[in-house]
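Under my numbering, the residues of the sequence shown are numbered 5 to 308, in order. Worksheet: one structure, shown below.
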Amino acid sequence: MKAITVTDPDAGTAGMTLTEQPEPHASENDVIVRVHASGFTPGELTWSATWVDRAGRDRTPSIPGHELAGVVTELGLGTTGLSVGQRVFGLADWTRNGTLAEFVAVEARNLAPLSADIDFVTAASLPISGLTAWQGLFDHGHLRSGERVLVHGAAGGVGSVVTQLAREAGAYVIGTGRAADQETALGFGANEFLDLDAGELAAAGPVNLVFDVIGGDIGDRSVDLVRAGGTLVTIAGPPTRQPADGRGVFFVVEADRGQLTQLATRVRDGRLRTGVGTVRPLDDAVAAFNPAERPRGKTIITLG
Ligand SMILES: NC(=O)c1ccc[n+]([C@@H]2O[C@H](COP(=O)([O-])OP(=O)(O)OC[C@H]3O[C@@H](n4cnc5c(N)ncnc54)[C@H](OP(=O)(O)O)[C@@H]3O)[C@@H](O)[C@H]2O)c1
Numbered sequence: 005m006k007a008i009t010v011t012d013p014d015a016g017t018a019g020m021t022l023t024e025q026p027e028p029h030a031s032e033n034d035v036i037v038r039v040h041a042s043g044f045t046p047g048e049l050t051w052s053a054t055w056v057d058r059a060g061r062d063r064t065p066s067i068p069g070h071e072l073a074g075v076v077t078e079l080g081l082g083t084t085g086l087s088v089g090q091r092v093f094g095l096a097d098w099t100r101n102g103t104l105a106e107f108v109a110v111e112a113r114n115l116a117p118l119s120a121d122i123d124f125v126t127a128a129s130l131p132i133s134g135l136t137a138w139q140g141l142f143d144h145g146h147l148r149s150g151e152r153v154l155v156h157g158a159a160g161g162v163g164s165v166v167t168q169l170a171r172e173a174g175a176y177v178i179g180t181g182r183a184a185d186q187e188t189a190l191g192f193g194a195n196e197f198l199d200l201d202a203g204e205l206a207a208a209g210p211v212n213l214v215f216d217v218i219g220g221d222i223g224d225r226s227v228d229l230v231r232a233g234g235t236l237v238t239i240a241g242p243p244t245r246q247p248a249d250g251r252g253v254f255f256v257v258e259a260d261r262g263q264l265t266q267l268a269t270r271v272r273d274g275r276l277r278t279g280v281g282t283v284r285p286l287d288d289a290v291a292a293f294n295p296a297e298r299p300r301g302k303t304i305i306t307l308g
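Quick look at the structure:
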């Protein structure tokens with residue numbers, strides 16, 4: 005099968021190559037999916053799981069990409085809950101070959117059924133941003149209606165979904181980013197916007213929840229904006245310090261069929277949209293992930 009592979013952890017997306025690879029094997033509780041659309045987050049080339057298996061052994065050449073939408077073609081021994089021919093979407097396992105390939109083996113529990121009225125491209129843009137937003141707001145942030153939420157990078161992949169879900173849950177959302185992101189963030193539903201480059205961060209005032217996707221100095225300074233009993237949730241890396249009278253939580257997103265289904269329901273009825281940008285076939289994936297100009301929105305690769 006055709007697949008994008010990487011072999012050099014220092015090469016970044018420039019190290020991506022279109023190659024011929026063996027088709028994957030379905031283990032117990034796996035399904036094989038014929039991938040129709042695939043999402044990729046550049047950050048994953050810095051994660052150790054892209055380069056080594058669970059035992060820490062080198063697994064290059066590895067196939068990146070962990071978001072997928074496609075059709076089940078095979079079931080592993082004893083796999084239940086999904087069937088051959090079913091449309092599915094979800095998050096492929098971090099330590100196995102990923103979704104920038106014609107076929108991928110995934111644990112069935114990491115996928116959810118995909119109804120015919122959601123196209124593959126939209127579905128492939130949803131798993132990482134959607135699950136990360138959901139888990140950060142509700143599992144880790146315990147968001148409640150009426151709370152004030154500071155959402156960093158509110159025009160980006162994760163932040164835009166955080167903004168929409170938080171508003172739907174009844175929160176007051178203060179989005180942040182660069183000046184050029186203001187209209188996009190407000191368009192996703194942020195109540196107000198702060199330009200980080202203009203030094204407006206402190207104007208957020210005390211908030212119940214900070215959702216940080218940026219880290220570094222921005223994450224550090226956001227700790228002081230958490231009001232008593234509040235939470236700073238970050239996906240950028242472990243926080244260097246904790247809020248004085250609150251919690252600081254770093255987490256890595258997990259697959260969850262129930263949450264995928266909740267997200268798909270919201271896409272179907274128009275409550276949630278993702279920022280899909282460039283859409284390219286697999287043959288053009290290397291160029292698409294190494295653009296001359298920084299792309300707006302999420303790049304999705306289509307396969308057949
Ligand atoms: N832990 C996890 O489970 C997990 C899950 C998903 C993602 N992540 C990580 O979270 C990060 C965000 O992911 P994403 O998909 O949302 O990325 P994204 O689509 O690039 O969105 C990030 C947004 O934040 C803005 N931003 C970044 N640094 C900024 C700064 N210093 N000042 C102002 N605005 C800034 C970006 O603007 P510009 O584009 O102009 O810089 C962009 O609008 C990535 O590093 C990703 O690897 C972690």
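Don't be surprised by glycine CBs; every beta carbon is placed ideally from N, CA and C.
**Asked** Any heavy atom of ligand 1 closer than 7 Å to the CB of threonine 136?
**Response** Yes.
**Asked** Hey, quick one: how far does the alpha helix (DSSP H) through aspartate 260 stretch, first residue to last?
**Response** Careful: aspartate 260 lies outside any alpha helix (DSSP H) and carries neither H nor E.
**Message:** Quick check on glutamate 151: buried or exposed, where buried means 16 or more other Cβ atoms within 10 Å of its Cβ?
**Reply:** The Cβ neighbour count for glutamate 151, taken over all protein chains shown within 10 Å, is at least 16; the residue is labelled buried.
**Prompt:** With 16 as the cutoff for other CB atoms within 10 Å, does proline 131 come out buried or exposed?
**Reply:** Note on proline 131: 16 or more other CB atoms within 10 angstroms of its CB, so buried under the neighbour-count rule.
**Message:** Relative to the C-alpha of glutamate 172, which candidate in Ala137, Ala248, Ala116 has its C-alpha closest?
**Reply:** Comparing Cα positions, the closest option is Ala137.
**Prompt:** Between the beta-carbon of glutamate 48 and the beta-carbon of proline 26, is there less than 8 Å?
**Reply:** Not a contact, by the Cβ cut-off of 8 Å.
**Item:** Segment contact flag, the segment 173 to 183 with the segment 104 to 124, C-beta cutoff 8 Å, min 3 pairs
**Value:** No, the segment 173 to 183 is not in contact with the segment 104 to 124.
**Prompt:** In the segment 213 to 276, which residue ranges form an unbroken alpha helix (DSSP H) of at least 4 residues, counting only runs that do not cross its ends?
**Reply:** Within the segment 213 to 276, the complete alpha helix (DSSP H) runs of at least 4 residues are 220 to 226, 261 to 272.
**Asked** Tell me which same chain residues have a C-beta within less than 8 Å of the C-beta of alanine 268, skipping the five on either side of it?
**Response** Same-chain partners within the cutoff: Phe93, Ala116, Leu118, Ser119, Ile122, Ala127, Leu130.
**Request:** Given a cut-off of 8 Å, decide if valine 230 and proline 243 are closer than it, judged by their beta-carbon atoms.
**Result:** No, the pair does not count as a contact, with Cβ atoms beyond the cut-off.
**Request:** Kindly identify the DSSP beta-bridge partner or partners of glutamate 78.
**Result:** Within the DSSP bridge table, the entry for glutamate 78 names Ile36 as partners.
**Prompt:** If we ignore side chains and look at the alpha-carbon of each, how far apart do alanine 18 and leucine 307 end up?
**Reply:** Cα to Cα, alanine 18 sits roughly 21 Å from leucine 307.
**Request:** For asparagine 212, count neighbouring Cβ atoms within 10 angstroms of its own Cβ and tell me buried if that reaches 16, exposed if not.
**Result:** By the neighbour-count rule (16 or more Cβ atoms within 10 Å), asparagine 212 is buried.
**Identity of the residue in Asn33, Ala59, Phe142 nearest leucine 86 by Cα** = Nearest option by C-alpha distance: Asn33.
**Item:** First and last residue of the uninterrupted beta strand (DSSP E) at alanine 159
**Value:** Note, alanine 159: premise wrong, no beta strand (DSSP E); not H, not E.
**Prompt:** Does the Cβ of histidine 29 have 16 or more other Cβ atoms within 10 Å, making it buried, or fewer, making it exposed?
**Reply:** By the neighbour-count rule (16 or more Cβ atoms within 10 Å), histidine 29 is not buried but exposed.
**Item:** Alpha-carbon to alpha-carbon, alanine 206 and leucine 190
**Value:** Their Cα atoms are separated by approximately 19 Å.
**Message:** As an exercise, report each continuous alpha helix (DSSP H) stretch of at least 4 residues that is fully enclosed by the segment 128 to 208, in chain order.
**Reply:** Qualifying alpha helix (DSSP H) stretches, in chain order: 131 to 138, 161 to 172, 186 to 191.
**Item:** Burial state of alanine 289 (16 or more Cβ within 10 Å)
**Value:** Label assigned to alanine 289: buried.
**Buried or exposed by the 16-neighbour rule on C-beta atoms within 10 Å, applied to alanine 105** = Buried, by the Cβ-count rule.
**Item:** Cβ-heavy atom distance, arginine 272 to ligand 1, below 7 Å
**Value:** No, the Cβ of arginine 272 stays beyond 7 Å of every heavy atom of ligand 1.
**Message:** From the DSSP secondary-structure annotation, give me the bridge partner or partners of threonine 54.
**Reply:** Paired residues: none, contrary to the question.
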